[in-house]
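Beneath this line is the structure, given in structure tokens, with notes to follow.
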């Protein structure tokens, strides 16, 4: 089925007609409402003037007498004739005087009164003197106000006998304010409505004729000077097929000096620009192909510069190290590196060369090679980096390297580093909080040949971690305009799951957190991360991270055995500690989540003859030794409390901790102290 086409000309016709109808209807409504208000105001004023005129001619005492005696006199007939004259000379239907009482009124005068057969008004007419009528509608609602003699606004309502009326009224009061009667005038609203209807029909017809005339003229002008030129342009555009029929635009003649002529000229210029753009696209495709090849080569060089895993050795290393590079949408020359200087010394590098081209990649490779060469030469760190800076400046005076170089002594935990234009690292002591390390930053390497670098010295203990990162991570901006490094990086690292996780999981968590924080994913640039953990154990206190499963139990046993052996505690004393630790670990696992981690700490203070074992983790705020439900759990809790000198449970918002203290037997303690 062919779809009906609603052309631009039809749309404009419909829009103009709709606009004309809306404007005409609005004008008619506003003028009618204005006329209606003024008409009602006129008749309200008319009624007020009539009743006020009559009220000025009435004596309150006479009204009281007519009401009480129902007898007329000469003055009564004078007033009655005056009422008739007012009705004849003003556009009112009825004019009368009443006295309210009870729930109705008694008529005293009425323009509708007729003389009776004996010539008086008392015996003739519909509303003769003394006629009583119940109040209805708006009058009944205001009966209390009528009895009090208050001024009331006109009341408009239908009357069963006289039709739709507007009643204007005013009270006649004694000097003391008491009521003598009300003068009321009825004005026919039917006549008022007819006048308003005549006005509505006249104005509506006039507006309709004017609207039709102007709409017809306006549509003819629009069709000639607007629709027809657009149709010509549309036909020429339809005839153009890939540049094969450009002459169709030259035949379009628009004589008006307005936007349509500008549009026709723009179409002609567009055809010329299309041809030029086709040539530019071909050249751009060739350039992009060449650039893509260069980017592939640069990425391969970046990957080749990443460090290889350290060779395995018996007993392992007194440290753990992991790195990660996240490339953004554009190439960035950020890197990390680590290598051994001797059996116990580790050198770490984290850096970036600003920019992302082939020259920067080559400069990065040469800078890494230069740093490795100088660090392996045996020079102290500060002297080696001063030499590196001079050599890089000689290679290129335009490029520079932002880098942090550090050396860890695995035997002592001594760490020294130089920060040459790189972001400050973050340090975590044990399982505490990460804090910024305020390393004094020096100028980037290769920027100024006269820089003399100084080292920052740190002493690391078992479990201490350092995180290094490049500026690309700092520059990630959130929706609030703040950067990731302002506070979010440290908050992410200090989450319990991050502090308890291994290094690979921690680096992955930082990457995920930065992506969630970024306002837009395509704004993330490349950055490098490097995490270092010192693991050499101390005889006085050591710790390890466990999972709440059988593998965690085996690791706890191996860890505790090694710590006890390091303190010369063996035999039955070791067996008791291992059994006690296994029972405590089992109880804690019952309250821990399967995907969580726990940390075990073993402290054997010198000279105190006691061993302190702590298990830290998330136990849902519950003491694993309290309120056991099962018999086996109850026996395990009793065994622990019975064989320990002290059991302590602590809980806060971040971690739950169970601590048990067992005093060593005097004989074995003395022997241990002698051996130490």
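Numbering (this note's numbering), first residue to last: 14 to 689.
For each residue, glycine too, the CB sits at the ideal point set by N, CA and C.
I need the DSSP call for residue 431, collapsed to helix, strand or coil.
In this structure, residue 431 counts as strand in the three-state DSSP scheme.
Cα-Cα separation between residue 536 and residue 238, rounded to whole angstroms:
49 Å
N-terminal and C-terminal residue of the alpha helix (DSSP H) that residue 121 is part of
Premise fails: residue 121 lies in the beta strand (DSSP E), 117-123, not in any alpha helix (DSSP H).
Which stretch, first to last residue, makes up the beta strand (DSSP E) that contains residue 350?
Following the DSSP letters along the chain, one finds residue 350 inside the beta strand (DSSP E) bounded by residues 346-353.
Taking the C-alpha atoms as reference points, what is the distance between residue 555 and residue 576?
7 Å
Would you mind stating whether residue 594 and residue 570 have Cβ atoms separated by less than 9 Å?
yes
Among 322, 370, 331, which residue has its Cα nearest to the Cα of residue 343?
Residue nearest to residue 343 within the set 322, 370, 331 is 370 (criterion: CA-CA distance).
In chain order, what residues of the same chain lie with their CB nearer than 7 Å to the CB of residue 672, ignoring the 5 residues before and after it?
625, 627, 661
Residue 458, enclosing alpha helix (DSSP H) - first and last residue:
No alpha helix (DSSP H) contains residue 458, which DSSP labels as neither H nor E.
Can you have a look at residue 424 and say buried or exposed, based on whether 16 or more other CB atoms are within 10 angstroms of its CB?
exposed
Alpha carbon to alpha carbon, how far is residue 136 from residue 60?
Confidence in residue 136 is poor, its pLDDT being 44 and thus under 50, which makes the residue's placement too unreliable to answer from.
Which residues in the same chain have their Cβ closer than 6 Å to the Cβ of residue 71, if we skip the five residues on either side of it in sequence?
Excluding residues within five positions, the ones whose Cβ falls inside 6 Å are 185.
Helix or strand or just coil, what does DSSP make of residue 211?
Of the three classes helix, strand and coil, the one that applies to residue 211 here is helix, per DSSP.
Quick test of the definition: if touching needs 3 or more C-beta pairs under 8 Å, does the segment 216-235 touch the segment 111-119?
Two segments are said to touch when three or more pairs of C-beta atoms, one from each, lie closer than 8 Å; by this definition the segment 216-235 does not touch the segment 111-119.
Do residue 80 and residue 89 have their C-beta atoms closer together than 9 Å?
no
Determine the direct distance from the alpha carbon of residue 521 to that of residue 402, and round the result to whole angstroms.
33 Å
Residue 605 vs residue 634 beta-carbon contact at 9 Å:
Taking 9 Å as the cut-off, the beta carbon of residue 605 is found no closer than this to the beta carbon of residue 634.
Residue nearest to residue 426 in terms of C-alpha spacing, selected from 67, 545, 382, 214
545
Is the segment 345-355 touching the segment 475-488 in the sense that three or more CB pairs, one from each, lie closer than 8 Å?
yes
Does DSSP classify residue 95 as helix, strand or coil?
helix
Classification of residue 465 by the beta-carbon crowding that lies within 10 angstroms, buried from 16 upward:
exposed
Among residues of its own chain, excluding the 5 on either side of residue 454, which ones have a beta-carbon nearer than 8 Å to its beta-carbon?
Closer than 8 Å at Cβ, skipping near neighbours: 432, 433, 434, 435, 437.
Can you tell me where the beta strand (DSSP E) holding residue 199 begins and where it ends?
192-201
Quick one: Cα of residue 418 to Cα of residue 462, how far?
Distance from the CA of residue 418 to the CA of residue 462, rounded to the nearest whole angstrom, comes to 18 Å.
Could you name the residues of the same chain whose beta carbon sits closer than 7 Å to that of residue 548, not counting the 5 residues immediately before and after it, in chain order?
331, 332, 333, 475
Taking DSSP as the reference, what is the three-state secondary structure of residue 557?
strand
Near residue 87, which residues of its chain fall below 8 Å by C-beta distance, leaving aside the five closest residues on each side in sequence?
none
Beta-carbon proximity check, residue 96 vs residue 67, cutoff 9 Å:
yes
Bridge partners - residue 168, DSSP secondary structure assignment
180.
Apply the 10 Å Cβ neighbour rule to residue 294 and answer buried if 16 or more other Cβ atoms are within range, or exposed otherwise.
Only exposed fits residue 294, as fewer than 16 other CB atoms lie within 10 angstroms of its CB.
Return helix, strand or coil for residue 482, following the three-state DSSP convention.
Looking at residue 482 - three-state DSSP - the assignment turns out to be strand.
Buried or exposed: residue 39, going by 16 or more other Cβ atoms within 10 Å of its Cβ?
exposed
Rank 320, 389, 377 by C-alpha distance to the C-alpha of residue 366 and give the top, closest one.
377
Whole-angstrom distance between residue 148 and residue 160, CA atom to CA atom:
12 Å
Hey, how far is the Cα of residue 166 from the Cα of residue 180?
Their Cα atoms are separated by approximately 9 Å.
Enumerate in chain order the residues of its own chain whose CB-to-CB distance from residue 156 is below 8 Å, with the five nearest sequence positions on each side excluded.
113, 116, 148
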